[in-house]
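Chains A and B, in that order, give the protein sequences.
Residue numbering for the first sequence follows the working numbering, beginning at 962 and increasing consecutively.
Residue numbering for the second sequence follows the working numbering, beginning at 962 and increasing consecutively.
Take a look at the structure below.
2 protein chains.
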Amino acid sequence: MSVRPAILDRYYGAIEAALRDALSIETQLGEILRYHIGFADGGAPSSLGKLLRPALVLFIAEGLGGDPDAAMPAAVGLEFVHGFSLIHDDVQDRDEVRRGRPAVWTKWGVPQAINAGDLMQAIAVRQGLEAGPASAAALLAATMEMIEGQSLDLSFEERFVDTEAYLGMVDKKTGALFRCALRLGGLAAEASDEVLDRLDRLGVCIGRAFQIQDDLLGVWGDGDVLGKPTASDIRRRKKAFPVALTHARATTEDRAELERVYAGDAVGADAVEWVVGLMERLGVRGEGEAAVGRYVQEALDLVDAIPLAEDGRDDLKDLIRFLARREK
Amino acid sequence: MSVRPAILDRYYGAIEAALRDALSIETQLGEILRYHIGFADGGAPSSLGKLLRPALVLFIAEGLGGDPDAAMPAAVGLEFVHGFSLIHDDVQDRDEVRRGRPAVWTKWGVPQAINAGDLMQAIAVRQGLEAGPASAAALLAATMEMIEGQSLDLSFEERFVDTEAYLGMVDKKTGALFRCALRLGGLAAEASDEVLDRLDRLGVCIGRAFQIQDDLLGVWGDGDVLGKPTASDIRRRKKAFPVALTHARATTEDRAELERVYAGDAVGADAVEWVVGLMERLGVRGEGEAAVGRYVQEALDLVDAIPLAEDGRDDLKDLIRFLARREK
Chain A
962 MSVRPAILDR YYGAIEAALR DALSIETQLG EILRYHIGFA DGGAPSSLGK
1012 LLRPALVLFI AEGLGGDPDA AMPAAVGLEF VHGFSLIHDD VQDRDEVRRG
1062 RPAVWTKWGV PQAINAGDLM QAIAVRQGLE AGPASAAALL AATMEMIEGQ
1112 SLDLSFEERF VDTEAYLGMV DKKTGALFRC ALRLGGLAAE ASDEVLDRLD
1162 RLGVCIGRAF QIQDDLLGVW GDGDVLGKPT ASDIRRRKKA FPVALTHARA
1212 TTEDRAELER VYAGDAVGAD AVEWVVGLME RLGVRGEGEA AVGRYVQEAL
1262 DLVDAIPLAE DGRDDLKDLI RFLARREK
Chain B
962 MSVRPAILDR YYGAIEAALR DALSIETQLG EILRYHIGFA DGGAPSSLGK
1012 LLRPALVLFI AEGLGGDPDA AMPAAVGLEF VHGFSLIHDD VQDRDEVRRG
1062 RPAVWTKWGV PQAINAGDLM QAIAVRQGLE AGPASAAALL AATMEMIEGQ
1112 SLDLSFEERF VDTEAYLGMV DKKTGALFRC ALRLGGLAAE ASDEVLDRLD
1162 RLGVCIGRAF QIQDDLLGVW GDGDVLGKPT ASDIRRRKKA FPVALTHARA
1212 TTEDRAELER VYAGDAVGAD AVEWVVGLME RLGVRGEGEA AVGRYVQEAL
1262 DLVDAIPLAE DGRDDLKDLI RFLARREK
């Protein structure tokens, strides 16, 4: 088990207060947004999530010599971009549970869930605008990229893609908000273009390491605990990294069989076992772990090239290793 | 038949070009947004709609001495706020037709329609930001108000409201974008706070006149042409202005019957006839027309209090009368 990184705790209380403040809206949609973020019933903070992205904004802002308070509206805005995407994602995927609680659409219906997500997007950008036009523009750019990534991911339901195309989607769907977090921090500290460019590449590496690790967990779960693959992503026929790699590496015959399995309405237990077996024969798990390791290493090297104090670098490295090693 | 007001034609070509430019996105979502706005298949402009709101922005900007070109990004942004709301509205209401063509969700599915609306909202605000932070803030405020109005309107499915509560919803759902159009024009011309306040009230009056007229058409259609009520809003059990007024004016007995009719799954032909008969006995149509007339008159008086040139006032009055007299 990883130890919870210091960055996540340092700003938690301040972010929580700012989120609560931004959501003090006396309408039903306000109530829905507070529930979604985790403030319902007096606000049990356990359902608030890690608040990872806003914490990154504030950490980078402060670490590069800026004022974290000035970056707070942008940090809150970024959490709301993430939050609105989750409300709409759950509608799109008909996922009924979010962070262990009923998803918004299951409690208030699809139409109100669409409204709630729309409102949260607008509040997000309004927060960004409070931090200045450059922060608002960065939030909008990240929002647009994330939506394009979500759209690409949907289109993968209809076809197999290679790992390069898959990672291109990940850079948008997952990477855009990490890059935006780092950029918003850099903007608040008036970082040079050179530093902003390094932060951008750091965001790409974090996004890829985070997502590939998540995808590996989607097949092998927390193997050390359960002792066997959970394969939930295979049962859901999700075209994540392992299956993209498998498709690329398989023989013509196996590839045809893989396509047949994924073309069906449901994947039976035998087929799941066959797919996992194929992945293991092809060394997909090891290759995935090696990819995570490469992106983590590149990220750690980039941290050394960013003008942070020594203990700030250590904290950021802890966070990167934590994100690449999450259990499910 | 009303003559098409000059304001709608004056800026049409320039707005069309700016919309096309803002939507030159080489992804599937770009294709969806161009289709929705009316640019698909080379762009038959007949499906573009009236472009009423952006035309109002540019007209007010120019009429008050500002530069309409500088206001163009904000005008385009406002059309996109309207456009994104229509994509999501059609998903929410499961309406299959928009401007005589299949709605986005019927062609690309609900998940991509949600993405397309989300993207259009972000593009809208990015356009606003090009015109300056004040324009972006005005667009965001209007977006939030419109969404709250949409949410209120949904909640009316569960209950009857009086005309005051109904008009409060209309001020948000319909009025917010008219007020925003006038405000964006005023901001581009650096109008005084006094003028901005008058423009704001003018937007309220236009929104109410427009919506009540629309609601009357939802029951009586274009009575002069068809000779009998179309009553489409009654068949759809829409809680629009006429039924709010009917509920308020009816005897206890009729009110109970009205509630019974609207509580059912479908409204049969006999029930429709009964509701229309009740409305006519209670003078609802005449009272609705009188309300439209009052808001139109207040709007015309406000136009005289805004520092426009004489022929500009005439053009704006023509537009207001046109909006309050539309046929279906």
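From the three backbone atoms N, C-alpha and C, an ideal C-beta is built for every residue, glycine too.
Bear in mind the structure is a predicted one, so any value in this text is a computation, not a measurement.
The stretch 1136-1144 of chain B makes contact with the stretch 1154-1169 of chain B: 3 or more CB pairs, one atom from each, lie closer than 8 Å. Burial state of B/Gly1249 is buried, judged by a 10 Å Cβ sphere holding 16 or more other Cβ atoms. With its beta carbon at least 8 Å from every one in chain A, B/His997 lies outside the interface. Cβ-Cβ separation between A/Thr1124 and A/Ala1209: approximately 6 Å, consistent with a contact (criterion under 8 Å). Here the alpha carbon of A/Ala1227 sits roughly 12 Å from the alpha carbon of A/Asp1194. With respect to A/Ala1083, A/Glu1106 sits apart: the two C-beta atoms are not nearer than 8 Å. Secondary structure at A/Pro1203: helix, using DSSP grouped into helix, strand and coil. For A/Pro1268, not one C-beta of chain B is nearer than 8 Å to its own C-beta. Along the stretch 1088-1118 of chain A, going in chain order, the ones with a CB nearer than 7 Å to a CB of chain B are Leu1090, Pro1094, Ala1097, Ala1098, Leu1101, Thr1104, Met1105, Ile1108, Glu1109, Gln1111, Ser1112, Leu1115 and Ser1116.
Between the stretch 1029-1038 of chain A and the stretch 963-979 of chain A, the count of C-beta pairs closer than 8 Å reaches three or more; the two stretches touch. The contact set of A/Asp1079 on chain B, defined by CB atoms closer than 7 Å, consists of His1049, Gln1082 and Ile1108 in chain order. Counting C-beta atoms within 10 angstroms of its own C-beta, B/Ala1149 has 16 or more neighbours from the protein chains shown and is therefore classed as buried. Scanning the stretch 1011-1091 of chain B from its first residue to its last, no whole beta strand (DSSP E) run of 3-plus residues comes out. Contact with chain A is found for B/Thr988, since one of that chain's Cβ atoms lies less than 8 Å from the residue's Cβ. Membership of A/Ile993 in the alpha helix (DSSP H) is indicated by the continuous run Gln989 to Ile998. Under the three-state reduction of DSSP, B/Thr1104 is assigned to helix. According to the DSSP assignment, A/Phe1283 belongs to the alpha helix (DSSP H) that extends over Glu1271 to Leu1284. Below the 7 Å Cβ cutoff, chain B contributes Gln1053 and Leu1115 as neighbours of A/Pro1072, in chain order. Annotation: A/Ile986 to A/Arg1055 spans about 27 Å, alpha carbon to alpha carbon. Within the stretch 1129-1145 of chain B, no residue has a Cβ lying closer than 7 Å to any Cβ of chain A. The continuous alpha helix (DSSP H) containing B/Phe1171 extends over residues Asp1154 to Trp1181.
Shown here for B/His1043: same chain residues with a beta carbon closer than 7 Å to its own, the five before and five after excluded, namely Arg1014 and Leu1138 in chain order. Within chain B, the C-beta atoms nearer than 7 Å to that of A/Val1086 come from Val1086 and Leu1101, in chain order. Straight through space, the alpha carbons of A/Phe1171 and A/Leu1284 are spaced by roughly 6 Å. Using a CB distance cut-off of 8 Å, A/Ile1173 does not count as an interface residue toward chain B.
Residue-level contact by beta carbon holds for B/Ile1075 and chain A, with a gap shorter than 8 Å.
With respect to A/Ile1048, A/Val1156 sits apart: the two C-beta atoms are not nearer than 8 Å. Note that the stretch 1113-1124 of chain A does not touch the stretch 1088-1101 of chain B; fewer than 3 beta-carbon pairs, one per stretch, sit closer than 8 Å. In the DSSP assignment, B/Gly1147 falls within the alpha helix (DSSP H) that extends over Gly1136 to Ala1149. In this structure, B/Leu1080 places its C-beta atom within 8 Å of the C-beta atom of B/Leu994. In this structure, DSSP gives A/Asp1231 a helical state, which the three-state scheme calls helix. Rounded to whole angstroms, the gap between the alpha carbons of B/Arg1059 and B/Asp1050 is 10 Å. Cβ neighbours of B/Asp1028 within its own chain (closer than 8 Å, five residues either side excluded): Ala1022 and Ala1149. Here the alpha carbon of B/Glu1119 sits roughly 26 Å from the alpha carbon of A/Phe1000. Its chain contains Gln1073, Asn1076, Ala1077 and Leu1080 as the residues whose beta carbon lies nearer than 8 Å to that of A/Leu990, once the 5 sequence neighbours on both sides are disregarded; these appear in chain order.
Where A/Tyr973 is concerned, the enclosing alpha helix (DSSP H) starts and stops at Tyr973 to Ala983.
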